[in-house]
Structures are given as structure tokens and as C-alpha cells.
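For the sequence shown, full-length UniProt numbering begins at 1 and goes up steadily by one. Yeah, the Cβ is synthetic: ideal placement off N, Cα and C, and Gly gets one too. On a predicted model such as this, the values are computed, not experimentally measured, just so you know. Here the structure is laid out as C-alpha cells; the discussion comes afterwards.
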Amino acid sequence: MPFPKGFLWGGAVAAHQLEGGWKEGGKGISVADVMTVGGPGKPREITDGVLPGKVYPNHDAIDFYHRYKEDIALLAEMGFKCFRTSIAWTRIFPNGDETEPNEEGLKFYDDLFDTMHAYGMEPVITLSHFEMPYHLVTEYGGWRNRKLVDFFVRFAVTVFKRYKDKVKYWMTFNEINNQRDVDTPFTAFTNSGVLYQPGEDRHEVLYQVAHHEFLASAKAVIEGHKINPDFQIGCMMAMSPVYPETCKPMDQIAALKEMDKTFYFADVQCRGHYPSYILKEWENKGYHIKMEPDDLAVLEQGCVDYFALSYYMSFVRAYDEQTDSFKEVPNPFVKASDWGWQIDPVGLRYMLDVLAERYELPMMIVENGIGLHEQPDETGLVQDDERINYFAAHIAEMKKAIELDGVTLMGYCPWGPIDLVSASTGEMEKRYGFIYVDKNNKGEGTLSRKPKKSFYWYKKVIASNGEDL
Ligand code: BG6
Numbered sequence: 001m002p003f004p005k006g007f008l009w010g011g012a013v014a015a016h017q018l019e020g021g022w023k024e025g026g027k028g029i030s031v032a033d034v035m036t037v038g039g040p041g042k043p044r045e046i047t048d049g050v051l052p053g054k055v056y057p058n059h060d061a062i063d064f065y066h067r068y069k070e071d072i073a074l075l076a077e078m079g080f081k082c083f084r085t086s087i088a089w090t091r092i093f094p095n096g097d098e099t100e101p102n103e104e105g106l107k108f109y110d111d112l113f114d115t116m117h118a119y120g121m122e123p124v125i126t127l128s129h130f131e132m133p134y135h136l137v138t139e140y141g142g143w144r145n146r147k148l149v150d151f152f153v154r155f156a157v158t159v160f161k162r163y164k165d166k167v168k169y170w171m172t173f174n175e176i177n178n179q180r181d182v183d184t185p186f187t188a189f190t191n192s193g194v195l196y197q198p199g200e201d202r203h204e205v206l207y208q209v210a211h212h213e214f215l216a217s218a219k220a221v222i223e224g225h226k227i228n229p230d231f232q233i234g235c236m237m238a239m240s241p242v243y244p245e246t247c248k249p250m251d252q253i254a255a256l257k258e259m260d261k262t263f264y265f266a267d268v269q270c271r272g273h274y275p276s277y278i279l280k281e282w283e284n285k286g287y288h289i290k291m292e293p294d295d296l297a298v299l300e301q302g303c304v305d306y307f308a309l310s311y312y313m314s315f316v317r318a319y320d321e322q323t324d325s326f327k328e329v330p331n332p333f334v335k336a337s338d339w340g341w342q343i344d345p346v347g348l349r350y351m352l353d354v355l356a357e358r359y360e361l362p363m364m365i366v367e368n369g370i371g372l373h374e375q376p377d378e379t380g381l382v383q384d385d386e387r388i389n390y391f392a393a394h395i396a397e398m399k400k401a402i403e404l405d406g407v408t409l410m411g412y413c414p415w416g417p418i419d420l421v422s423a424s425t426g427e428m429e430k431r432y433g434f435i436y437v438d439k440n441n442k443g444e445g446t447l448s449r450k451p452k453k454s455f456y457w458y459k460k461v462i463a464s465n466g467e468d469l
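In C-alpha cells, the structure reads:
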């Protein structure tokens, strides 16, 4: 039997993508609250505060804030052993720089975690998932500012203490490596509340910002273990393998260099020090990343306990002789989703193997899934065979990673078990769920919930501990 007893089958969401209630219970405005709806090829707009006449899909999302009891009951019906969500920082510290937390926000998560436990569901909690307080952007410049380290650690310690007997599995920063793509304003803003200024060297800014986040993460790990030594606190990376286009040696370098942009984040959080390829880049480019004397020791002491990853797709890179540069090329051997995400189940096994060999840590897949355009049929059921096939193929590859390659996997949380707001596009109609939610991109709909065909399929998968695909 490949999946161990106690394997954490579940699903994953983030507070801002489903809770709604953006102004309720004393909640402050988050970065997600100032992003409009976009679509394929139409990026979300980051507005200067909340402006009249704009559509902000995260404000109401799917109203989980009021409906969580009903929703958790549906997830429990599928047999969920765990449920990954995030604690909206703005419910606990509405502006981010207060010294005292907001009791109403803390109480909300007490109730949510109690509801999960009533069904035997283990909470798996992200501290920062694309929803930091907007006030920290406007007043401090986001994670450019070292003051955020203390604000974040205060937030982390507050929730660690409050939920020390309710939550065991934590993650510090969701997909911290997304911001490696410095050309997309969305990633710098959602990861770190950073708006790049004209003329600045974005990579140098990125390295400074990430240094602050590494410190905050390491301090959270150190403090968390003091509060409860049983805590498991992980990093969380978006992992997409990058293949070389051909066996030309320079194509190998193209792929390796692209992977390094992600490995750098994981190397610091898992190994506790900066890798030599990054230190050399700083030296070559004349970057000066500001650090205080103890910083490197803190990174060393605050290594994570496990490796959490999301997995959606793979990429291909090639060396372009004409321009002496590296470029992305499509993979002719895999298909892509309507949003251009290249579907590659074998890439999941490959990625798990590479990570197991590099870091020797237990792993948890905390996101995996496919966004689809979907409509209920005449009987009201969404026949999402494409999703079933997608998951069956990925789970089969996970099995191989465990059985054939010796990978230690703690759990599997497909993304968006209930339809929710897409992070990158703000659409409702990029659907991931096992449960259909009646709401469209314009914000219209009854918000009613209805299991899709995949709901019954995933229930069977969990009941058979991954045997019956
Ligand atoms: C990950 C994020 O990038 O992928 C989630 O952690 C996100 O927040 C998920 O929703 C799927 O991406 P998208 O853009 O399709 O919602």
C-alpha cells in the first residue's frame, strides 16, 4: 500500500479567495481587496485603494465567512482528513502594525478550527497567502521595509499561542518563489506588497524583500517551536519543473538557471544559508543586500520542518544562440489548460524526486488541480471527467514517487475543493472545485453549493486510501 496510514487527504484554499466578509468582524483591507477581476490575457488591475465602480471579487468571494459550517460539512462528506486554509492577517491585525490583536478575528478561526476538528479534520494553516494588510503597503512599502519582520512575527506568535492545541501543521509564506518573475506586477504585490518604482533594479529589490521574508519565516519557526515543540512548520513553494528543450548542453544550462530562481528560496529556508550561485550573482552585479549581524545565524536556526509545494504545470527552456539568452518554449508533448497551464502528471513525480534528493525533508502537496470552464448539465450535475482524469493521473505519479523512488509524502491537498476566486485572474469561472458554486465572473449567482461528479470520485479515492482511482 503506497499511501501510509494516516496520510492527509484533503484540499486547500486561501482566506481571501473564499471568505468574503471583507469588512466584517473588524477586518482590515488586504492587498487582495484592491485587485479587480481580470481574465485570460487581461491582468487584474491593482488600484490605488478601493475605488468606486470597480469589481473586486475577493470582497464577497463565496461567502465562506458566513457559510463555513455548511462548507466544512460538505468537505467532511468527502472524507477529508485535513483542510488547508490561511488565517487572513487582516482579521487578526487589521492594519498589520497594531500591538494588540482583534479578538473577533481570533474567535472566527477558533470556531472554524473547532468545526474542522468536530469532523476529525486536521487544519493545515498558511500564515501569509497573498493577503497581507494593505496598510503595510501604503505606509511601509511592503516587505521592502525591515519593520515588517517584527509585524509578521507578532502575528505569527499571536496565532501560534492562540491555536497551539488546535493546529499542528503550519506554513509561513505561500509560494514565496512566485516573485522570482519580476516582470509581473501581480507577483511582487501579492507575495510582498511591493510596487516596483521606475528605474530601480527589480532583482536587487527582490533579494532585499526576500531576505526580510526569510528572516521572518526563520524567526516564526524558532518562536513556534518554543510555543509547541510538536509544531510542523513548513516553507511553501510553487514547484514547476523546467526541462531543457533538447540535449544540447546549453539547453541544460538554460533549464538549470531557471530552476535556480526557485531553488534559491527553498535553499535558504531548508538549508539555512544562501547558496553560492546567489552570492556570486550579488557579487557580479554589485548588489548590496542589507543585513544585520545576527541575520545569518537566525536563518541557520530557523530551517523549516517540512517542504510544502504546489504543483500545476511544467515549463521548457532553451538557449537562443542568436541573442545569447535563454527563452521559454512550449512543450509539444503535453496539453495545456484553457489558461495555458501545461498539464504534466509525470512532472509531479519528477519534481518530488528532485526535492526529496535535494532537501531530504518530508513533503506535503498542498496544491494541485486544474481550472476549467464548467456548467451544470440538464440534471444540475457538473460532469467534470476532465478533472477526474487529471487527478487520477497525478495521484498515480505520486504513488510511483512513494513506491518506486522512496519519497516521504505526508499529504495531498488539491487546490480549491470548492469553486472560489482565482488568484491570478480574479475569475469565478476558472473553476477548480469538487463542489460547484453558483456565481459568475460578474458576481451574479445564488451562491448555492452542489457536488460535481468529481466529488463522489474523490470520496472513493480517500476511502480507499488512494487505491481506487
Ligand atoms: C497558486 C496559489 O498559485 O495557485 C493559489 O497559491 C491559486 O492562491 C492557485 O489560486 C491557482 O491559481 P489561479 O490563478 O488559477 O487561481
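- Task: Take Glu258 and list the residues in its own chain whose beta-carbon comes closer than 6 Å to its own, dropping the five residues that flank it on each side.
- Result: As a position in the sequence shown, residue 258 is number 258, starting the count at 1. Beyond the five residues adjoining it in sequence on each side, Glu258 comes within less than 6 Å, by CB distance, of Val242 and Arg317 in the same chain, given in chain order.
- Could you check the C-alpha separation between residue 475 and Glu104 for me, to the nearest Å? Any question about residue 475 goes unanswered here, given that the chain covers just 1 to 469.
- Message: Taking 8 Å as the cut-off, does the stretch 136 to 153 touch the stretch 69 to 86 (at least 3 CB pairs, one atom from each stretch)?
- Response: Contact between the stretch 69 to 86 and the stretch 136 to 153 is absent, with fewer than three C-beta pairs closer than 8 Å.
- How many angstroms separate the CA atom of Pro332 from the CA atom of Phe315? If you number the sequence shown from 1, residue 332 lands on position 332. If you number the sequence shown from 1, residue 315 lands on position 315. In a straight line, the C-alpha of Pro332 is about 11 Å away from that of Phe315.
- Message: Across the stretch 270 to 287 and the stretch 200 to 208, are there enough close Cβ pairs to call them in contact, namely three or more that are closer than 8 Å?
- Response: Flag = yes, the stretch 270 to 287 and the stretch 200 to 208 touch.
- Message: Using 9 Å as the threshold, is the C-beta distance between Cys303 and Val366 below it?
- Response: Against the sequence shown, residue 303 aligns to sequence position 303. Against the sequence shown, residue 366 aligns to sequence position 366. At the C-beta level, Cys303 and Val366 stay beyond 9 Å of one another.
- Just grab the DSSP bridge partners of Asn368 for me. Taking the sequence shown and counting its residues from 1, one reaches residue 368 at position 368. Note: Asn368 sits in a beta bridge opposite Tyr311.
- If you draw a straight line from the alpha carbon of Asp114 to that of Tyr68, how long is it in whole angstroms? By one-based count along the sequence shown, residue 114 stands at place 114. By one-based count along the sequence shown, residue 68 stands at place 68. Taking C-alpha positions only, Asp114 is separated from Tyr68 by approximately 11 Å.
- Task: Determine the DSSP secondary structure at Lys257, reduced to helix, strand or coil.
- Result: Your numbering for residue 257 matches position 257 in the sequence shown. Residue state, collapsed to three classes: helix.
- Task: Classify Asp150 as buried or exposed, calling it buried when 16 or more other Cβ atoms lie within 10 Å of its own Cβ.
- Result: The residue you call residue 150 lines up with position 150 of the sequence shown. Exposed: under 16 other Cβ atoms inside 10 Å.
- Query: What is the C-beta distance between Asn177 and Phe265, in whole angstroms, given that I count them as a contact (C-beta under 8 Å)?
  - Reply: Reading the sequence shown from its first residue, position 177 is the one you call residue 177. Reading the sequence shown from its first residue, position 265 is the one you call residue 265. The C-beta separation of Asn177 from Phe265 comes to about 4 Å, placing the pair in contact by the 8 Å criterion.
- Message: Could you compute how far the alpha carbon of Leu148 sits from the alpha carbon of Met313?
- Response: Translated into positions along the sequence shown, residue 148 becomes position 148. Translated into positions along the sequence shown, residue 313 becomes position 313. Using only the alpha carbons, I get a separation of about 32 Å.
- Within the present structure, is the beta-carbon of Lys42 separated from the nearest heavy atom of the ligand BG6 by less than 8 Å? Position 42 of the sequence shown, counted from the first residue, corresponds to residue 42. No, the beta carbon of Lys42 sits no closer than 8 Å to any heavy atom of the ligand BG6.
- Message: For the beta strand (DSSP E) containing Ser128, name the first residue and the last one.
- Response: Start at 1 with the first residue of the sequence shown, and residue 128 comes out as number 128. Start and end: Glu122 to Ser128.
- Cut-off 7 Å between Cβ atoms - residues of its own chain near Ala255, not counting five sequence neighbours on either side: Along the sequence shown, one-based indexing puts residue 255 at 255. Val242, Tyr243, Pro244 and Arg317.
- Message: I need the straight-line Cα distance from Gln17 to Gly426, nearest angstrom please.
- Response: Here residue 17 is taken as the residue at index 17 of the sequence shown, counted from 1. Here residue 426 is taken as the residue at index 426 of the sequence shown, counted from 1. About 9 Å.
- Query: DSSP three-state call for Met286: helix, strand or coil?
  - Reply: Position 286 of the sequence shown holds residue 286. Here residue 286 is Gly; the residue named in the question, Met, does not match the sequence. DSSP places Gly286 outside both helix and strand once states are collapsed to three, so it counts as coil.
- Message: Here's the rule: buried if 16 or more other CB atoms are within 10 angstroms of the residue's CB, otherwise exposed. What is Glu70?
- Response: As a working note, residue 70 is residue 70 in the sequence shown. It counts as exposed.
- Message: In the DSSP assignment, the beta strand (DSSP E) including Val437 goes from what residue to what residue?
- Response: Here the question's residue 437 lines up with position 437 in the sequence shown. Ile435 to Val437 is the span of the beta strand (DSSP E), which, as asked, contains Val437.
- Minimum length 4: unbroken alpha helix (DSSP H) runs contained in the stretch 165 to 230: Fully enclosed alpha helix (DSSP H) runs of 4 or longer: 185 to 192 and 202 to 227.
- Whole angstroms is fine: what's the gap from Ala61's alpha carbon to Asn465's? In the sequence shown, counting from the first residue as 1, residue 61 sits at position 61. In the sequence shown, counting from the first residue as 1, residue 465 sits at position 465. Approximately 32 Å between the Cα atoms of the pair.
- Check: Phe333 C-beta below 8 Å from any heavy atom of the ligand MN: This structure lacks the ligand MN; the ligands present are the ligand BG6.
- Message: Using 8 Å as the cut-off, can you tell me whether the stretch 161 to 170 makes contact with the stretch 221 to 228, which would need three or more C-beta pairs spanning the two stretches below that distance?
- Response: They touch, by the three-pair rule.
- Is the beta carbon of Tyr432 within less than 8 Å of some heavy atom of the ligand BG6? The residue given as residue 432 occupies position 432 in the sequence shown. For Tyr432, the shortest separation between its Cβ and any heavy atom of the ligand BG6 lies below 8 Å.
- Message: Nearest by alpha-carbon distance to Gly197: which of Lys5, Pro185 and Tyr207 is it?
- Response: Indexing the sequence shown from 1 puts residue 197 at position 197. For the sequence presented, residue 197 should be read as Gln rather than Gly. Looking at the Cα atoms, Pro185 is the closest of the given residues.
- Message: When you compare the CB of Pro4 with every CB in chain D, is at least one pair closer than 9 Å?
- Response: Here chain D cannot be found, since the structure has a single protein chain.
- Among Ala463, Ser454, Ile418 and Lys430, the one whose alpha carbon lies nearest that of Ala73: Working through the sequence shown from its first residue, we reach residue 73 at position 73. A check of alpha carbon separations from Ala73 across Ala463, Ser454, Ile418 and Lys430 identifies Ile418 as the nearest.
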